[in-house]
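Heads up: the sequence shown begins at 121 in the working numbering, then just goes up one per residue. A short write-up of the structure that comes next.
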Amino acid sequence: MRSAAVLVLGLASLGLSFCPQFASFEDTANEKQNPFNQLTTDEFNEAYNFIYDKFNLTSLEDAGTADNYVELLTLKPPKKYEALDYLNDSGDKPLRYAKAVIVHGTDSDPSIKTYTVGPLNQDSIDVHSTNTPPIPHNSRRTKAHKDAMMEKVFVYYALAPISEIIEDLLGRPWNLEEYMYLDERLNLDGDKRLRWLELAQKPDDSAFWGGFTGFHILIDFSGQKFSDWKVLKIVYGDRVWRGLQAFVDDYNDGQVANVMPQFTENELAHWTRRRPDVPVRDLEDRPAPISVSKEGLRYRLDDKENHVSWLNWDFFFAHNPETGISIHDLRFNDVRIAYEISLQEAVSHYSANTPTNANSALLDRGIGLGEKLTPLIRGYDCAEEATYLSTHNWNGTHDVVTPDTVCIFEMPLIQPISRHYGLNDASSNKATKLVVRSISTPGNYDYMIDYALFPDGTIEASASASGYLLQSHSSKGGEEFGTQVSDTTFGNVHDHVILFKFDLDILGESNTLVEKSIDVQKRKFFWQDEDEDGYESKVIKSANVEHEKGMDWSNNYDHWLLLSNLDKKTRYGYNPAYRIMPSTPVIHDTPGTQARMQRNAVFSREHVYVTKYNEEEETASSMYNMNLPNKPPVDFGTFLNDESIVQEDLVLWANVGMHHLPRASDVPSTLFLETKSGIMLSPFNYGTEELSRDLTNVSVWHAIGAGNLTAKQAVYATIDNVTDLIKTVEVYNDADSCGIEPFNQSLLGLDTSK
Ligand SMILES: [Cu+2]
């Protein structure tokens with residue numbers, strides 16, 4: 121059956137081949153350089169060589185637990201007001217600095233410290249400590265190669281004595297060729313380094329995510345010495361053993377039975393794969409529709425400075441290994457709307473009665489949210505005519521370029537942005553959006569992060585997730601926390617909470633968050649009779665948000681948050697503003713479930729926060745927040761310190777995400793389609809009219825005399841001389857219509873070619 125399907129596809133593609141020429145972007149050299157661009161190769165090398173000598177570093181490839189090495193080297197973003205000086209024309213380009221996170225394994229009290237290195241490209245360079253508190257060595261990420269290898273070797277030797285027992289219970293003897301393991305941290309304040317491991321089968325591909333065996337081990341990896349590490353617990357079936365020996369003793373006494381069925385290799389492979397073994401759907405042998413900008417792409421790009429302009433929008437974008445792609449100095453009609461829009465963190469917080477998933481409180485920045493941007497699959501992950509760009513990282517020894525990790529494209533919404541069909545006129549205006557997309561795959565999930573711009577001044581930041589569910593082997597009582605999604609595994613309920621930072625500046629940096637809401641009040645008006653009932657009226661309430669705080673969207677969305685400039689007024693007397701609101705459902709973490717996340721993800725507890733801009737509050741999380749839940753290097757809770765925020769430089773932090781209740785249709789993959797969650801920022805009394813009125817990809821028809829051209833008449837009626845009724849036809853951009861006449865010619869009998 122499979123070969124027949126392939127044959128049909130092959131023939132069909134020959135017969136129906138349609139290969140439009142895709143245009144390239146308009147290449148431009150932007151007037152200003154991008155102060156947010158990642159370090160160049162020379163800058164990476166200059167910073168690394170300087171700290172290499174200064175701190176007696178070992179390269180990441182050779183480093184073990186007792187060495188000094190760099191875990192992160194990246195651009196230290198410029199200070200906002202220095203960057204603004206440059207971007208607003210008067211100032212010099214801010215000096216370039218690197219941020220270096222160094223693990224000091226050789227110290228008597230080993231720790232991880234953050235430094236600023238620079239200025240780069242100047243005559244003198246230096247290194248300075250930052251205010252980030254030292255991070256306990258136990259909370260390091262396992263990035264150093266020998267460190268990671270030692271952990272593996274420890275697990276190998278720890279389980280080697282029970283290899284035969286493992287073979288009896290799980291079907292294969294213990295070794296690192298047969299098994300992988302997922303580990304979850306159980307560290308609270310860094311005094312220990314505990315890991316729960318669940319053994320999993322080790323297929324060659326992503327079937328790994330379905331291969332969990334239900335055999336769990338708790339290991340104490342605290343300290344730097346291999347000899348200090350130990351196995352603390354074994355969990356299998358519904359039993360726990362405190363140490364390996366107790367487990368072996370019980371097994372030898374015949375008290376440990378094989379109670380957990382395992383996938384066979386074939387079953388596991390089938391579980392992840394698509395279904396080429398079923399008939400092709402009717403006409404699905406034809407290629408899916410595509411969109412083409414037939415007279416050339418409508419954006420300009422400076423691919424050296426990462427600067428884009430499109431339909432009166434322009435902006436810089438940048439990549440950093442902590443948070444991925446960010447947008448900077450975003451302007452509409454030459455006026456800055458946002459200084460920065462960026463991803464901050466992706467929380468995945470699980471519930472389960474199995475040790476690994478019960479401890480899955482993941483902050484993906486610690487796993488590589490920004491580092492693990494994966495190459496976009498051309499023609500599938502982005503529009504066919506998209507522009508693909510690479511990103512640039514430091515891998516611990518040298519810089520590496522990953523191609524195709526960002527794509528830019530304009531896409532039609534296949535709906536008008538506005539439309540009306542009236543009694544004597546009709547109009548329809550084409551809607552498109554410009555998208556900057558990247559996909560981060562820090563583990564099982566693929567997070568698609570889109571920044572989208574619309575012609576009316578609207579901005580959207582969204583995230584959606586696909587990839588594989590994080591699972592655990594089916595457990596007794598597991599139904600309370602999850603859903604059986606394969607013969608042997610459960611997908612457990614969890615929350616995805618993904619935080620974006622919106623540093624908007626509306627007509628300057630002094631702004632106020634104004635909250636408007638509907639208050640229902642009984643009102644009686646002067647024109648009513650005495651005995652007539654009053655009205656239950658919707659009265660608009662308006663109040664400034666006076667102090668930094670977090671807020672939830674109201675259940676019925678009957679309130680609005682407007683980032684306003686109270687020093688400016690429109691002709692109608694309103695303060696120009698941008699409204700922030702969800703474009704699709706958003707969530708915050710389920711209340712009361714964060715006992716093991718006391719301080720590291722305070723930002724995930726409400727939908728949206730407003731804070732006063734503070735140079736020290738550049739970002740809401742860190743790569744180490746996951747490993748230090750009760751003592752994180754960045755505690756968002758401290759951002760909310762009751763500062764007055766009326767006409768100040770403000771930052772909005774807003775969550776998107778979903779409560780993920782897994783079910784069979786998450787198998788094999790969770791769908792982007794239903795996980796999309798976004799925040800939309802739209803002009804609100806920003807001017808005195810809707811801001812896409814100048815678009816020319818528009819069709820506007822006017823008829824003579826009211827009532828002469830109705831929708832019903834135009835489409836259905838047999839009007840003899842309808843031509844006479846048409847007074848004007850406005851097709852501003854004829855090329856846009858692709859030869860398609862806006863009205864049905866056979867019904868109207870019109871010639872609109874002129
Ligand atoms: Cu999920």
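Using N, Cα and C, we set each Cβ at its ideal position, and we do this for glycine too. The structure presented is a predicted model; accordingly, all values stated were derived computationally and were not measured.
Residue i versus residue j - alpha carbon distance
i    : j    : result
V221 : I171 : 11 Å
L302 : S657 : 57 Å
L114 : V556 : No answer is possible for residue 114: the residues shown for the chain start at 121 and end at 874.
H224 : P749 : 21 Å
P562 : Q464 : 14 Å
L829 : L627 : The pLDDT assigned to L829 is 47, lower than 50, so where the model puts this residue is not dependable; a value taken from the coordinates is nonetheless given after this. Between L829 and L627, the C-alpha separation is close to 43 Å.
E318 : M743 : 23 Å
P803 : P536 : 19 Å
E763 : R261 : 34 Å
Y277 : N295 : 9 Å
Y588 : F335 : 20 Å
S785 : P409 : 25 Å
G611 : S510 : 34 Å
A834 : A551 : For A834, the predicted structure reports a pLDDT of 43, less than 50, and the residue's modelled location is therefore unreliable. A value from the coordinates is still provided. Roughly 24 Å separates the two Cα atoms.
K636 : H708 : 22 Å
Y470 : G499 : 34 Å
Q344 : T185 : 5 Å
T758 : K272 : 38 Å
L111 : Y356 : Nothing can be reported for residue 111, as the shown portion of the chain is limited to 121 through 874.
S538 : T704 : 20 Å
L159 : G597 : 51 Å
H512 : A218 : 14 Å
S592 : S326 : 15 Å
A572 : L450 : 12 Å
With 16 other Cβ atoms within 10 Å as the buried cut-off, status of residue i
i    : result
D229 : exposed
I569 : buried
D187 : buried
K689 : exposed
L781 : exposed
G416 : exposed
K414 : exposed
F175 : buried
G693 : exposed
Y698 : buried
S462 : buried
R315 : buried
R394 : exposed
S674 : exposed
P155 : buried
Q375 : exposed
L533 : exposed
P752 : buried
S259 : buried
G238 : buried
Presumed contact (8 Å Cβ cut-off) between residue i and residue j, rounded CB distance
i    : j    : result
M778 : A481 : Actually they are not in contact, since the Cβ atoms of M778 and A481 sit about 17 Å apart, beyond 8 Å.
K200 : Y459 : 6 Å
L289 : N378 : 5 Å
E82  : K322 : Residue 82 lies beyond the range of the chain shown here (121 to 874); nothing can be said about it.
V776 : I799 : 6 Å
V412 : Y419 : Wrong, their Cβ atoms sit about 15 Å apart, outside the cutoff.
I765 : L633 : 7 Å
Check: residue i C-beta below 7 Å from any heavy atom of ligand 2
i    : result
T713 : Ligands in the displayed structure: ligand 1; ligand 2 is not one of them.
So within the segment 182 to 260, which uninterrupted beta strand (DSSP E) runs reach at least 3 residues, ignoring any that extend past its ends? 188 to 196, 217 to 224, 231 to 238, 246 to 249
Stretch-stretch touch, CB-based, cutoff 8 Å, three pairs: the segment 259 to 267 with the segment 234 to 246: Touching, no.
May I have a chain-ordered list of the alpha helix (DSSP H) segments no shorter than 4 residues that lie completely inside the segment 383 to 409? 385 to 392
Quick test of the definition: if touching needs 3 or more C-beta pairs under 8 Å, does the segment 620 to 636 touch the segment 769 to 777? yes
Please give me, in chain order, every unbroken run of the beta strand (DSSP E) with length at least 3 that falls completely inside the segment 690 to 732. Taking only runs of at least 3 residues, the beta strand (DSSP E) segments lying wholly in the segment 690 to 732 are 697 to 702, 728 to 732.
With contact counted as at least three CB pairs below 8 Å, one residue from each stretch, are the segment 438 to 445 and the segment 481 to 496 in contact? yes
Counting pairs of beta carbons, one from the segment 659 to 675 and one from the segment 726 to 744, are three or more of them closer than 8 Å? yes
Any chance the segment 598 to 610 sits against the segment 645 to 653, with 3 or more Cβ pairs inside 8 Å? no
I'd like to know if the segment 514 to 522 and the segment 424 to 436 are in contact, where contact means that at least 3 CB-CB pairs between them fall below 8 Å. no
For a minimum of 3 consecutive residues, which ranges assigned as the beta strand (DSSP E) are wholly contained in the segment 549 to 597? DSSP runs (the beta strand (DSSP E)) wholly in the segment 549 to 597: 565 to 573, 579 to 587, 591 to 593.
Please go through the segment 753 to 798 and give each complete beta strand (DSSP E) segment of 3 or more residues, from N-terminal end onward. 770 to 780
Considering only residues of the segment 278 to 317, which uninterrupted alpha helix (DSSP H) runs meet the minimum length of 4 residues and lie entirely inside it, listed in chain order? 283 to 290
At what residue ranges does the segment 316 to 388 contain a whole run of the beta strand (DSSP E), taking only runs of 3 or more? You should have 332 to 340, 350 to 356, 359 to 361.
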